[in-house]
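>
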Amino acid sequence: MTDTPAYRLYTSKQAAGRAGGGLTESLFDRLAASGEVEATYIGGKLRWTDAQIAGAIAHHARGGSPATSQPFAVPPSQPTRASRQQKPTPRAAASGVTPLRAKPGGRYATS
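In numbering that gives the first Met the number 0, the protein residues as written are 0 to 110.
(1) Please confirm whether residue 52 and residue 101 have their CB atoms less than 8 Å apart.
(2) Taking a contact to mean a Cβ-Cβ separation below 8 Å, would you say residue 148 touches residue 99 in this structure?
(3) Excluding five sequence neighbours on each side, which residues of the same chain lie with their C-beta closer than 8 Å to the C-beta of residue 8?
(4) Alpha helix (DSSP H) containing residue 17: first to last residue?
(5) Do residue 55 and residue 30 have their beta-carbon atoms positioned less than 8 Å apart in this structure?
(6) Buried or exposed: residue 11, going by 16 or more other Cβ atoms within 10 Å of its Cβ?
(7) Hey, quick one: how far does the alpha helix (DSSP H) through residue 7 stretch, first residue to last?
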């Protein structure tokens, strides 16, 4: 007799099939990647339990708004325009050294 676990793990495609109602595999993948719902990773592969599928359905039913509790993972922050660094100015011009320039034509020039 084989001992079966009390829970079963599903792929995103199987979770979408169990959820029905127009929820797609890519929706489950996006929800897990954003950290908005809890998901299980085993060996780097995404898997879902029945409770996690129910949580994803509830999250989607709320219109994708974050739950009242804290999210399970912090989504990566996007850089703002103000935080982007400007290209550094060449220091060679300040020291009196002329920067190198590409010579037109050459090895790969078409005749």
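By construction, the Cβ of each residue, glycine as well, lies at the ideal position given by its N, Cα and C atoms.
So, from the data block:
(1) In this structure, residue 101 does not lie closer than 8 Å to residue 52 by Cβ.
(2) Because the chain here runs from 0 to 110, residue 148 falls outside it and cannot be looked at.
(3) Result list for residue 8: 39, 41, 46, 47, 48, in chain order.
(4) Here the alpha helix (DSSP H) through residue 17 covers 11-18.
(5) A contact, by the Cβ cut-off of 8 Å.
(6) Buried: at least 16 other Cβ atoms inside 10 Å.
(7) Per DSSP, residue 7 is not a residue of any alpha helix (DSSP H), being assigned neither H nor E.
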